[in-house]
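Below: one structure, written as structure tokens.
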Amino acid sequence: MNTVAEIQERHTAIQQLERSLLDLHQIFLDMAVLVEQQVSRAWEGPPAHLPARARVWARVWDAGGLSGRGGPSDGGVPGCPQGDMLNNIEVHIQKAQDYTRKGTEQLQGAKEQQRSMRKWMCIGLIVALCIIIAIVVPVATAWT
29 MNTVAEIQER
39 HTAIQQLERS
49 LLDLHQIFLD
59 MAVLVEQQVS
69 RAWEGPPAHL
79 PARARVWARV
89 WDAGGLSGRG
99 GPSDGGVPGC
109 PQGDMLNNIE
119 VHIQKAQDYT
129 RKGTEQLQGA
139 KEQQRSMRKW
149 MCIGLIVALC
159 IIIAIVVPVA
169 TAWT
């Protein structure tokens, strides 16, 4: 039972990581939109409809704080390398979820198999004791 609880705890942590990555992915998408707007026209600041996190990142981007990391200054298209990386991370998260689910199923199967083995072990022990008693009682009475 302890192992199942650990796996469920890990699954919860993985789900939380996935939510964080989805938030990060959304920030990158918002940044791609912002950069696209900046390229198409002179941009004075982040649009008010974007979440606060995206507006902060947009200010950092405008200040040149992200140059050399896929931004316009090094000719890269923002969001593309990061998008591929996020897709790769999403694939790994999906695989981890599948492995966790399969592991949980296998643990449940092992638990059932363990119960079955205990039952058969007890039955075998009782049968062996009956056989031993069936042999020992007549031999013991014959000696006396």
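So the sequence shown is numbered by our numbering: it starts at 29 and just counts up by one. No residue lacks a Cβ here, since even glycine has one placed at the ideal position from N, Cα and C. In this text the structure is predicted, and so the values were computed from the model without any measurement.
Contact annotation, residue 125 with residue 42: C-beta distance approximately 6 Å; criterion of less than 8 Å satisfied.
Taking each of 162, 39, 30 and 146 in turn and checking the Cα distance to residue 127, the smallest one comes out for 39. Separation of residue 144 and residue 46 (C-alpha to C-alpha, rounded to the nearest whole angstrom) is 38 Å. Rounded to whole angstroms, residue 64 and residue 58 show a C-alpha spacing of 10 Å. For residue 62, the number of other beta carbons within 10 angstroms of its own is at least 16, and it is reported as buried. Distance from residue 35 to residue 131 at the Cβ level is roughly 6 Å; contact confirmed, criterion being Cβ atoms closer than 8 Å. Setting aside the 5 residues that flank it on each side, residue 117 is surrounded in the same chain by 49, each with a C-beta closer than 7 Å to its C-beta; the list follows chain order.
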